[in-house]
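Going by my numbering, the letters in the sequence shown line up with residues 138 to 286, in that order. Where a beta carbon is used, it is the ideal one built from N, C-alpha and C, also for glycine. Have a look at the structure below, then the notes.
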Amino acid sequence: MNETNLHNIVGSGRYKTKARSGRGDSAGRGSTSGRGTKGQKARTGKKLSAKFEGGQMPLVQRIAKKKGFRANRKFSVFRLNLKDLKRYAVDGQISLEGLKQRGLVLSGTKVKVLGEGEAQANLTVQTHFISASARKQIEAAGGKVEIIQ
């Protein structure tokens, strides 16, 4: 009796061939070749589009078109709260370069400082945007705010 080893194991579906349609009735997939009888879907040539609804007005055309256009000036904003400032500060300063080095901000991302929490130390904060309450708290704690253009 043969011993079973990795080199002589045969997979169950290994030798099964793909069923070929349209090769005669004796092959099992002849005549209509799995397309049913007559009709648009039985014919050769161009297929129906996904939006075709049998002559009914397609949903794509029934829904109103939005007017105008939207300018492609999108940018992502990294939000930084006052409670997190101390954690990300390097030498008493929060800069865009420092945030990039830590992997928090990608290039092209803008930074906004928000007023959740309290400013704990006097820091120099470089940011694109800042809320009024955050600016007030940073300056009250003896820090400086520099707006990046």
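1) In terms of residue numbering, what span does the alpha helix (DSSP H) encompassing residue 274 cover?
2) Please determine, among 185, 245, 179, the residue with the shortest C-alpha to C-alpha distance to residue 210.
3) Tell me the start and end of each unbroken beta strand (DSSP E) in the stretch 141–203 that is at least 3 residues and wholly inside, in chain order.
4) Who pairs with residue 261 in a beta bridge, going by DSSP?
5) What does the alpha-carbon distance come out to for the pair residue 248 and residue 266?
6) Suppose you measure from the CA of residue 230 to the CA of residue 206; what does that come to, to the nearest Å?
7) Considering only DSSP beta bridges, list what residue 218 is partnered with.
8) Taking C-alpha atoms, which residue in 264, 270, 255, 252 lies nearest to residue 214?
9) Sort out for me which residues DSSP pairs residue 266 with in a bridge.
10) Report yes if the C-beta distance between residue 257 and residue 281 is below 7 Å; otherwise report no.
11) Tell me, to the nearest whole angstrom, how far the beta carbon of residue 159 is from that of residue 167; I am working on the premise that it is less than 8 Å.
12) Give me the Cα-Cα distance between residue 187 and residue 156, rounded to the nearest whole angstrom.
13) To which residues of the same chain is residue 172 closer than 6 Å at the C-beta, ignoring the five residues directly before and after it?
In terms of the structure at hand:
1) Annotation for residue 274: the continuous alpha helix (DSSP H) segment containing it runs 269–277.
2) Closest by alpha carbon: 245.
3) As far as the stretch 141–203 is concerned, it has no whole beta strand (DSSP E) run of at least 3 residues.
4) Its beta-bridge partners are 230, 281.
5) Looking at the two C-alpha atoms, the distance is approximately 6 Å.
6) For residue 230 and residue 206, the distance between alpha carbons rounds to 41 Å.
7) According to DSSP, residue 218 bridges with 251.
8) It is 264 whose Cα lies nearest to the Cα of residue 214.
9) In the DSSP assignment, residue 266 forms a beta bridge with 249.
10) Residue 257 places its beta carbon 7 Å or farther from that of residue 281.
11) That belief holds up - the Cβ atoms of residue 159 and residue 167 are roughly 7 Å apart, short of 8 Å.
12) C-alpha separation (whole angstroms): 26 Å.
13) Excluding sequence positions up to five before and after residue 172, its CB lies within less than 6 Å of the CB of 179, all in the same chain and listed in chain order.
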